[in-house]
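In my numbering, the protein residues as written are 33 to 573.
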């Protein structure tokens, strides 16, 4: 949504005097008019247009709702592999308070815990000789059961897939096994082994405080411990229902397969619980959370909530701009080159125009992780603690420079050409094509990637910068850090003193001169809004 000031034409027009008024002849002896001074000319320059004020909150404009069990088919007879995606509009936002992680644990138990006919071990044994894949993934608002199999094994796989959803075993022993895994993922994975993911989870909790997005999709330790088998059974009936389901099929799909799958899935409950009504998200800024833990580096995530999502006219130019700033795990981004290549600060630095979760085995964003309320974010991969403030300042400096200066024509053409090709890699599998087609139902963006490519051809430096000035706000950033010396980092952030960097090898004068600007760049942080939390408390309850 955009807020535009409406200006009346009457306010811009003035009426001249009567057209018949006589003009006296010029005085040929009059002195020439005075030439205005350069200072006067400078003062007479029109002021730069100011970007619109940020809204006080990002409202929850509901995603579009497909019809119950809407079928998306991408038939392709030239492949023997059939791909399935069962996407439910159900995610961690549906977790009851005090039982955070229920949706993810329920989906995992359904996908991995066996069916009424097969134990969990027998389920694996049945899939292995078919070289078939079957899994579940939960995010904030969506849960996807996906699978793929050779058409020769289609009847057997169809039985298994539909039994996973319709007749899961939901065994008490399997619940305890998978609950233990989920708790370990929080205690030993998120908190102990993955500083980068910990920083992202901490940023989500900061940006969406008090909102259903705030907790980790995998749950909290105490929430997971509180879940009972009866909770799981009831939750499956509440959220995995026909009215929340979109069915995706790709590959050698015929009418018989479509009929068989939809007929079987009609045994799901017709209606579940009403969709969660998400509250507005306040657009507070200048906050920081520092997660203290034993670690050798400092990980940094930063971002703010935004009303811009797919379907907004400004989404495509913003997507290009964030790709220019830092396309995920690619070498052409400004942040990658400035902070890693030129300064050797870390492994990589990336920027995102929407929620981003890497699809395993690729460098691309997952599909079917749509959000009603999106965020803009920057991820600084771990740096030496002594360079933590400098790296943070550098990322904000180049974001600020992007908004103020835009993207030069030559660079814009480079990015447009790059994205014309790179976006085609995002849709190189049937699973990903299905995912995009299903996402488009919720965002109202048919042929989304083709729309993006068509929009790229029309972009100019001016249209991109106008979108940036409307929606990208470096002063709105909030920060999440993961580091050992949390007190020292907090003091440095509050003091705002220069954070010079030293190099082990000579650097050119131009870079050193720019470093002076980076090391003193003012971070948009409020000293009274910096909080330190121990890692052991993150997603505890």
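Where a beta carbon is used, it is the ideal one built from N, C-alpha and C, also for glycine.
For residue i, three-class secondary structure by DSSP
i           : result
residue 406 : strand
residue 56  : The predicted model places residue 56 with a pLDDT of 45, which falls under 50 and marks its position as unreliable, so this point remains unresolved.
residue 298 : coil
residue 390 : strand
residue 254 : helix
residue 165 : strand
residue 385 : coil
residue 358 : helix
residue 430 : helix
residue 558 : coil
residue 504 : coil
residue 118 : strand
residue 138 : helix
residue 495 : helix
residue 147 : strand
residue 327 : coil
residue 569 : helix
residue 74  : Since pLDDT at residue 74 reaches only 44, below the 50 mark, its modelled position is unreliable, and the value read off the structure follows with that caveat. Of the three classes helix, strand and coil, the one that applies to residue 74 here is helix, per DSSP.
Beta-carbon spacing of residue i, residue j below 8 Å
i           : j           : result
residue 193 : residue 116 : yes
residue 481 : residue 455 : yes
residue 277 : residue 174 : no
residue 213 : residue 336 : no
residue 350 : residue 143 : no
residue 485 : residue 433 : no
residue 163 : residue 314 : no
residue 145 : residue 166 : no
residue 410 : residue 491 : no
residue 123 : residue 255 : no
residue 526 : residue 562 : yes
residue 513 : residue 323 : yes
Rounded straight-line distance, which links the Cα of residue j to that of residue i
i           : j           : result
residue 84  : residue 497 : 14 Å
residue 302 : residue 450 : 45 Å
residue 557 : residue 320 : 7 Å
residue 546 : residue 326 : 33 Å
residue 403 : residue 237 : 15 Å
residue 250 : residue 218 : 8 Å
residue 345 : residue 406 : 15 Å
residue 181 : residue 160 : 11 Å
residue 112 : residue 463 : 14 Å
residue 118 : residue 280 : 6 Å
residue 259 : residue 376 : 46 Å
residue 359 : residue 262 : 44 Å
residue 12  : residue 338 : The structure shown does not extend to residue 12, since the chain is modelled only from 33 through 573, so no value can be given for it.
residue 559 : residue 395 : 36 Å
residue 390 : residue 399 : 10 Å
For residue i: DSSP bridge partner residues
i           : result
residue 563 : 321
residue 314 : 89
residue 513 : 322, 332
residue 397 : 390
residue 337 : 407
residue 105 : 281
residue 113 : 182
residue 170 : 175
Would you list, in sequence order, the uninterrupted alpha helix (DSSP H) runs of no fewer than 4 residues that lie entirely inside the region 173-225?
186-198, 204-216
Give the list of continuous alpha helix (DSSP H) stretches no shorter than 4 residues that lie fully inside the region 410-477.
Within the region 410-477, complete alpha helix (DSSP H) segments of at least 4 residues are found at 420-437, 441-457, 462-475, given in chain order.
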